[in-house]
Amino acid sequence: MTRISKTRGLRAAAMALALFMAAGAALAQSSTTFKFGYGLQEDSNQGRAARLFAERVAQLSNGRLKMEPVGGAKLGSDDKMQGALVAGGQEMMVGSTATLVSLVKEMALWDAPFLFNNTDEADFLLDGAIGQQIMSKLPAKGLVGLVYWENGFRNLTNNKRPISRLDDFNGIKLRVMPNDTFIKAFKTLGADAQPLAFAELADALRTGKMDGQENPFNTILSSKFYESQKYLSITNHVYSPWIVLASKKWWDGLQKADQDALLKAAQESRDFERKDTREEARRALNQLTEKGMQVNVPTFGELSRMRNRMDRIYARDIGDKVGLSLLLEAQNQLMAYRQRPGR
Ligand code: TK8
């Protein structure tokens, strides 16, 4: 008797444990773990904003969504991650809009040299109707665009000479993003412009495969390009956004409450990221000088020459891709924004 009841007791306990474990597994299954890839180092504006984003995603979804940020291009270059998102093999990423032009040609608007004079103008266009209109082309290509982050105004670094005059570009082997407009723009200036994934850039500069590159101060600092690059020339030739993307295949399978939580967290990450990036950019120039970079600003006349040269690609290249009516609409909206009373 006692023996039997002991066995029964053990069985009951085992069953209870099994039930408990099954319930635990069911709970674990109802939370979704996913990856958020990015190209810069963890110690960068991208990394800081990715961490904040992940925290807010967990809080706003009451722990149902667990975002795992993966930096340093460990999941691959921007291009490769985009492909993985489209295929449904990776859930989320943040990367340059420049590599998206091959999927959505209107993204070329953000490649237009000297389009914005300051970050207020960029925020206005990116967060307004035009930025949203361009983003809304993504789902047809298998991607969902959530928000634009700031990469920033781009400046030149190289190892040959300070770029102070237009002619100084001659023969410089300059890494550019894998993007048609950037290749054409820098060839027009006389540089030997070559597309290369950002993930391969640090090595290419270290080994001398490339003489130079162009990126915002923040990236020159966080990627330690100052270790292999001597000259920094302040041109602010184009403002680059980053875009936060989700795989449409994955997104469509999420419940509405989780999509809402992701979007809200993304918007908060955008506000945090822009503020953080701008603060860092203000300090970065001093830090780069302290690290030994030789900094120069081309004269107004020389910058105008570069600008006029780059203008050549507007109608032919950007107009072609973006469509003239959208390009003109963007320029008109910017002009109206500049003339607002109180500005
Ligand atoms: C990082 C890139 C980078 C971009 C580039 O993955 O490729 O130069 O400016 O920020 O997206």
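Residues in the sequence shown are numbered consecutively from 571, following this note's numbering.
Idealized CB from N, CA, C, for every residue including glycine.
| Asked | Found |
| --- | --- |
| Residues surrounding the ligand TK8 [beta-carbon distance to nearest heavy atom under 6 Å] | Gly609, Leu610, Asp648, Gly665, Ser666, Asn721, Met747, Phe768, Asn785, Thr789 and Ser810 |
| Three-way DSSP call (helix, strand, coil) for Met662 in this model | strand |
| Cβ pair Leu645, Leu713 closer than 7 Å | no |
| Contacts around Gly607, its chain only, beta-carbon distance under 7 Å, and the 5 residues preceding and following it disregarded | Val640, Leu645, Met651, Gln660 and Met663 |
| C-beta atoms of Leu802 and Thr727 nearer than 7 Å | yes |
| Same chain, Cβ closer than 7 Å to Ala598, neighbours up to 5 away in sequence not counted | Caution applies to Ala598, whose pLDDT of 43 falls short of 50 and renders its modelled position unreliable; the value that the coordinates give is listed next. So no residue of the chain qualifies. |
| Spatial neighbours of Asn866 in its chain, beta-carbon cut-off 6 Å, leaving aside the 5 residues before and after | Pro732, Ser734 and Ser803 |
| Residues of its chain near Lys707, where Cβ-Cβ distance is below 7 Å and the 5 sequence neighbours each way are ignored | Val674 and Glu676 |
| Inter-stretch contact (C-beta, 8 Å, three-pair minimum) for the stretch 785 to 792 and the stretch 850 to 858 | yes |
| Proximity below 7 Å, CB of Thr758 to CB of Ala678 | no |
| Burial state of Met905 (16 or more Cβ within 10 Å) | exposed |
| Which listed residue (Gln611, Gly658 and Asp649) has its alpha carbon closest to that of Thr667 | Asp649 |
| For His807 and Phe684, believed in contact at Cβ under 8 Å, the rounded distance | 7 Å |
| Cα-Cα separation between Asn725 and Ala657, rounded to whole angstroms | 34 Å |
| Integer-rounded CB distance, given that Leu736 should sit under 8 Å from Asp781 | Not quite, the Cβ-Cβ distance comes to about 17 Å (not below 8 Å), so this is no contact. |
| Proximity winner among Thr859, Tyr809, Thr847 and Leu896, relative to Asn688 (alpha-carbon distances) | Tyr809 |
| Where the beta strand (DSSP E) containing Tyr718 begins and where it ends | Leu713 to Phe723 |
| Integer-rounded CB distance, given that Thr603 should sit under 8 Å from Lys636 | 4 Å |
| Heavy atom of the ligand ADP within 6 Å of Ser874 beta-carbon | The ligand ADP is not part of this structure, which contains only the ligand TK8. |
| Residues of its chain near Pro911, where Cβ-Cβ distance is below 8 Å and the 5 sequence neighbours each way are ignored | none |
| Extent of the continuous alpha helix (DSSP H) to which Asp737 belongs | Counting along the chain, Asp737 falls outside any alpha helix (DSSP H), and DSSP gives it neither H nor E. |
| Minimum C-alpha distance to Glu797 - residue among Gln857, Met880 and Arg634 | Gln857 |
| Element boundaries [beta strand (DSSP E), containing Val640] | Leu635 to Val640 |
| Nearest residue (CA-CA) to Leu815, options Asp613, Leu696, Met705 and Val671 | Met705 |
| Spatial neighbours of Gly698 in its chain, beta-carbon cut-off 8 Å, leaving aside the 5 residues before and after | Gln903 |
| For Ala761, the nearest candidate out of Arg879, Gln909, Leu896 and Ile888 (CA to CA) | Arg879 |
| Expected contact under 8 Å - CB spacing of Val627 and Ala885 to nearest Å | Rounded, the Cβ-Cβ distance is 42 Å, inconsistent with contact. |
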